[in-house]
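This report refers to the structure that appears directly beneath it.
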Amino acid sequence: MKYKKKICQIKQLQSFYNLENSKRLKAYPVLKWAGGKMKLLPQIQKQYPSKLQQGSLKTYIEPFVGGASVFFDVYYHFNIEKAYFFDKNTELIILYKVIKNNAELLIDRLSKIKEKYLNLTEEKRKNFYYQSRNDYNTFDKKVDTDIHQRNWVERAALTIFLNRTCFNGLYRVNRKGLFNVPMGKYKNPAILNSSNIRAVSQALKIVEIKQCDFSEVLKYANKNTFIYYDPPYRSISKTATFNAYSSLDFKDNEQRRLRDLFIEVSKKGSYQMLSNSDPTNYIEDFFFDELYCEFNIKRILASRMINSKGNSRGKIREILVTNYSDYINKI
Ligand SMILES: C[S@@+](CC[C@H](N)C(=O)[O-])C[C@H]1O[C@@H](n2cnc3c(N)ncnc32)[C@H](O)[C@@H]1O
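Following this line, the structure appears as structure tokens:
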């Protein structure tokens, strides 16, 4: 009986992966990530270049990939053939490489963690969470992410487990690069979404995943390329700042370095979109208007949720910069 059940499972998986080759599956970000763009997608979609819809942009680059919300949308709606993920965050790069190459092993490991965790008492869940966080912080943060390591499936499973059970579901590290988010209060956290992991794995088959600085874009960009930049946002007030993705800072000099790259890449004929905060929400600060004065700047409305004090939530303007003006009509 057990053997028959296994065969049946394998047949189901095979038909799933056969499906994989014929139809692009709708995938969603695996992690909740600060600055995630899922809510802004309807407004970002309207600013996609019409060339994307016409099918002439075959390559896509996301040099600040985070949760990759925009990539999954572009992959599903347009026939891009090649994509590049860049990010400085070690755990993110390992997670994407494991989902791309070892999705079934990851699903197996996560389903064991989920089963164990959900059957624990509240007190024991707490011990399990903080023990997992300690184990997670023992992993070598300086590992070479170009060379696959045996513990990567475990590492990726813990990245998802901690993201799904921590406070506010947010990835944050301290100055030493250690994950330091306290446990969240979820009765039945959504630890494993196996069909989405498989859909993400399908999408990642066209993606080259690299742990590197955003300036790598210059090596891959050409006139058939669409690039979406979503850097750590510039702080616009004492409270509304978040850059704890890694122990690295992303201050105004980095924003200027990014602008210089944006100009260089424009000369290659690539189509570029960039999002960032809008300092004019609070003060007469035209930092980005001056920085990107030769490009198109559109202001869009976004909901700010990343704040433990409920009173700091609500609508706020953000900016979208593009180096083209022929936008798609409708997806
Ligand atoms: C705002 S988040 C991107 C969010 C993403 N668009 C999403 O939908 O989830 C910015 C990302 O930039 C990464 N980052 C910070 N400095 C970087 C650099 N110099 N080069 C590449 N990535 C960097 C951070 O690790 C973080 O994942």
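Numbering (the working numbering), first residue to last: 45 to 375. Positions of the beta carbon are idealized from the N, C-alpha and C atoms, including for glycine.
Exercise. Taking 7 Å as the line, does the beta carbon of residue 74 fall inside it for any heavy atom of ligand 1?
Worked result: Within the sequence shown, numbered from 1, the residue matching residue 74 stands at position 30. Not so, every heavy atom of ligand 1 lies at least 7 Å from the Cβ.
Exercise. Helix, strand or coil: which one does DSSP assign to residue 100?
Worked result: Position 56 of the sequence shown, counted from the first residue, corresponds to residue 100. Correct three-state label for residue 100: coil.
Exercise. Does the distance from the CB of residue 308 to the CB of residue 128 come in under 8 Å?
Worked result: Your numbering for residue 308 matches position 264 in the sequence shown. Your numbering for residue 128 matches position 84 in the sequence shown. Contact flag unset, no.
Problem set entry | Euclidean distance between Cα positions of residue 172 and residue 74 | For the purposes of this step, residue 172 is taken as residue 128 along the sequence shown, with counting starting at 1. For the purposes of this step, residue 74 is taken as residue 30 along the sequence shown, with counting starting at 1. Going from the Cα of residue 172 to the Cα of residue 74 covers about 22 Å.
For this session: Please find out if some non-hydrogen atom of ligand 1 comes closer than 7 Å to the beta-carbon of residue 79.
Result: As a working note, residue 79 is residue 35 in the sequence shown. Correct: residue 79 has its Cβ closer than 7 Å to ligand 1.
For this session: Report yes if the C-beta distance between residue 299 and residue 335 is below 8 Å; otherwise report no.
Result: In the sequence shown, the residue the question calls residue 299 occupies position 255. In the sequence shown, the residue the question calls residue 335 occupies position 291. For residue 299 and residue 335, yes; Cβs fall inside 8 Å.
Exercise. Given that a residue counts as buried once 16 or more other Cβ atoms are within 10 Å of its Cβ, and exposed if not, what is residue 354?
Worked result: Taking the first residue of the sequence shown as position 1, residue 354 is located at position 310. In this prediction, residue 354 has a pLDDT of 48, which is less than 50 and means its spatial position is unreliable; nothing more can be read from the coordinates.
Exercise. To the nearest angstrom, how far is it from the Cα of residue 104 to the Cα of residue 163?
Worked result: Along the sequence shown, read from residue 1 onward, the residue named residue 104 stands at position 60. Along the sequence shown, read from residue 1 onward, the residue named residue 163 stands at position 119. For residue 104 and residue 163, the distance between alpha carbons rounds to 43 Å.
Problem set entry | According to DSSP, residues forming a beta bridge with residue 269 | The count along the sequence shown starts at 1 and reaches residue 269 at position 225. In DSSP, residue 269 forms a bridge with 103.
Problem set entry | Residues sharing a beta bridge with residue 89, DSSP | The residue given as residue 89 occupies position 45 in the sequence shown. In the DSSP output, where bridge partners are listed per residue, residue 89 has none listed.
Exercise. Which value, in whole angstroms, describes the spacing of the CA atoms of residue 366 and residue 337?
Worked result: Within the sequence shown, numbered from 1, the residue matching residue 366 stands at position 322. Within the sequence shown, numbered from 1, the residue matching residue 337 stands at position 293. Those two C-alpha atoms are separated by around 11 Å.
Problem set entry | For residue 137 and residue 144, the rounded distance between their alpha carbons | If you number the sequence shown from 1, residue 144 lands on position 100. If you number the sequence shown from 1, residue 137 lands on position 93. In a straight line, the C-alpha of residue 144 is about 11 Å away from that of residue 137.
Exercise. Would the region 193 to 212 and the region 149 to 156 be scored as touching if the rule is three or more Cβ pairs under 8 Å?
Worked result: yes
Exercise. Relative to the C-alpha of residue 181, which residue among 208, 134, 314, 259 is closest?
Worked result: Here residue 181 refers to the residue found at position 137 when the sequence shown is read from its first residue. Minimum Cα distance to residue 181 is reached at 134.
Exercise. Any idea if residue 131 is buried or exposed, counting beta-carbon neighbours within 10 angstroms, 16 or more meaning buried?
Worked result: What you label residue 131 is simply residue 87 of the sequence shown in a count that begins at 1. Looking at its Cβ environment, which holds 16 or more other Cβ atoms inside 10 Å, residue 131 is buried.
For this session: From the DSSP output, in three-state form, read off residue 333 for me.
Result: Translated into the one-based positions of the sequence shown, residue 333 becomes position 289. Of the three classes helix, strand and coil, the one that applies to residue 333 here is helix, per DSSP.
Exercise. Would you say residue 224 touches ligand 1, meaning its beta carbon is less than 7 Å from a heavy atom?
Worked result: Along the sequence shown, one-based indexing puts residue 224 at 180. Checking every heavy atom of ligand 1 against the Cβ of residue 224, none is found closer than 7 Å.
Exercise. With 16 other CB atoms within 10 Å as the buried threshold, where does residue 271 fall?
Worked result: Residue numbering aside, residue 271 sits at position 227 when the sequence shown is read from its first letter. Buried is the call here.
Problem set entry | Length of the line joining the Cα atoms of residue 342 and residue 363 | Counting from one through the sequence shown, the residue named residue 342 turns up at place 298. Counting from one through the sequence shown, the residue named residue 363 turns up at place 319. In a straight line, the C-alpha of residue 342 is about 6 Å away from that of residue 363.
For this session: Could you check if residue 91 is buried or exposed, using at least 16 other CB atoms within 10 Å of its CB as the buried criterion?
Result: Taking the sequence shown and counting its residues from 1, the one referred to as residue 91 is at position 47. So residue 91 counts as buried.
Problem set entry | residue 331 vs residue 108 beta-carbon contact at 8 Å | To locate residue 331, count along the sequence shown from 1; it is residue 287. To locate residue 108, count along the sequence shown from 1; it is residue 64. Not in contact: residue 331 and residue 108 (Cβ atoms no closer than 8 Å).
Exercise. Can you tell me the Cα-Cα spacing of residue 246 and residue 95, whole angstroms?
Worked result: Translated into positions along the sequence shown, residue 246 becomes position 202. Translated into positions along the sequence shown, residue 95 becomes position 51. Computed Cα separation, rounded: 24 Å.
Exercise. Does the distance from the C-beta atom of residue 344 to that of residue 84 stay below 8 Å?
Worked result: Your numbering for residue 344 matches position 300 in the sequence shown. Your numbering for residue 84 matches position 40 in the sequence shown. Going by C-beta atoms, residue 344 is nearer than 8 Å to residue 84.
Problem set entry | Between the CA atoms of residue 312 and residue 139 - distance to the nearest angstrom | Residue 139 sits at position 95 when you count from the first residue of the sequence shown. Residue 312 sits at position 268 when you count from the first residue of the sequence shown. Rounded to whole angstroms, residue 139 to residue 312 spans 32 Å at the Cα level.
Exercise. What's the call for residue 178, buried or exposed, on a 16-neighbour Cβ count within 10 Å?
Worked result: Position 134 of the sequence shown holds residue 178. Classification of residue 178: exposed, given that the 10 Å Cβ count is below 16.
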